[in-house]
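Worksheet: the structure to be examined is printed underneath.
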Amino acid sequence: MTKVVLFGDSLTAGVVDGHPSPIFTRLLEDKFPDVEFINRGLPGDQTRNACKRLREDVLNEVPDIVVIFFGTNDVSSKDVFLANYHNNLAYMLTCISPNKCLLVTPGIAGPTRANLRPLSKMEQYAKETLTVANEFKIPALDWFEFCKDKDPKELLQADDLHYSETAYRQLVEQLTPLLKNKLDSLS
Numbered sequence: 011m012t013k014v015v016l017f018g019d020s021l022t023a024g025v026v027d028g029h030p031s032p033i034f035t036r037l038l039e040d041k042f043p044d045v046e047f048i049n050r051g052l053p054g055d056q057t058r059n060a061c062k063r064l065r066e067d068v069l070n071e072v073p074d075i076v077v078i079f080f081g082t083n084d085v086s087s088k089d090v091f092l093a094n095y096h097n098n099l100a101y102m103l104t105c106i107s108p109n110k111c112l113l114v115t116p117g118i119a120g121p122t123r124a125n126l127r128p129l130s131k132m133e134q135y136a137k138e139t140l141t142v143a144n145e146f147k148i149p150a151l152d153w154f155e156f157c158k159d160k161d162p163k164e165l166l167q168a169d170d171l172h173y174s175e176t177a178y179r180q181l182v183e184q185l186t187p188l189l190k191n192k193l194d195s196l197s
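Numbering-wise, this note's numbering puts 117 at position 107 of the sequence shown, and it's gapless, one number per residue.
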């Protein structure tokens with residue numbers, strides 16, 4: 011069975027009402043019933059820490075494909091700058107093997123989170139994600155582009171950070187063609 015690791019932060023972990031949930035994984039399983047999805051989303055994670063857990067959480071699983079979805083916590087960090095974020099993503103891709111990877115840009119945060127995650131900074135990190143994908147010639151989902159003009163109340167839970175069920179459904183719809191192409195390239 012084809013194995014896909016979902017590697018990211020609380021948004022990957024499907025946090026609902028403050029706790030990880032299987033929502034993201036289950037929606038993907040519904041689209042791809044013949045694929046084993048392993049969710050390695052860690053609430054609060056940033057790319058810097060993700061590089062440290064890469065071997066245990068991703069490489070040891072020997073995945074066929076890895077969906078890498080970080081950035082939202084990197085944006086809010088005083089310790090992770092855009093260049094660090096770029097280098098951390100590049101490190102992950104190099105360790106995993108770029109042809110196994112698919113990147114997802116950060117999306118949006120709501121108005122009550124704008125002090126640490128302003129839309130302009132989220133956009134910078136989204137663009138940097140696309141730059142890394144371009145450098146490595148791998149597919150990337152520009153989730154920020156999809157989200158930026160949407161009403162945050164539609165996409166986010168009351169905490170203005172974690173995704174609503176509507177957002178996860180949209181994310182999976184957007185991700186499906188890219189993941190399908192990646193899966194088709196394996197056969």
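Note that beta-carbon positions come from the ideal geometry of N, C-alpha and C, so glycine has one too.
When rounded, the separation of the alpha-carbon atoms in K110 and N94 is 22 Å. For R127, the secondary structure class from DSSP, reduced to helix, strand or coil, is coil. Per DSSP, reduced to three states, the secondary structure at A119 is coil, with no helix or strand assignment. For K41, the enclosing alpha helix (DSSP H) begins and ends at 33 to 41.
Ranking D161, E133, L113 by CA distance to the CA of N144 puts L113 first.
In chain order, E164, L165 place their CB closer than 8 Å to the CB of T176, counting only its own chain and leaving out the 5 sequence neighbours on each side. The alpha helix (DSSP H) runs lying completely inside the stretch 41 to 105 and spanning 4 residues or more are 57 to 67, 82 to 86, given in chain order. The stretch 174 to 188 makes no contact with the stretch 51 to 62, as fewer than three CB pairs between them are under 8 Å. Distance from H96 to T22 at the Cβ level is roughly 19 Å; contact not present, criterion being Cβ atoms closer than 8 Å. Its Cα nearest to that of V182, the residue D152 stands out among V68, Y101, D152. Of the residues V72, T82, D40, M132, the one whose Cα lies closest to the Cα of T186 is D40. Burial check for A168: the Cβ neighbour count within 10 Å stays below 16, so the residue is exposed. A straight-line Cα-Cα distance of about 26 Å links D161 and P149.
The residues L92, in chain order, have a CB closer than 7 Å to that of Q134 in the same chain once the five nearest residues on each side in sequence are set aside. If you draw a 10 Å sphere on the C-beta of S20, you find 16 or more other C-beta atoms in it, and that means buried. Counting every other CB atom within 10 Å of its CB across the protein chains shown gives D84 a total of 16 or more, marking it as buried.
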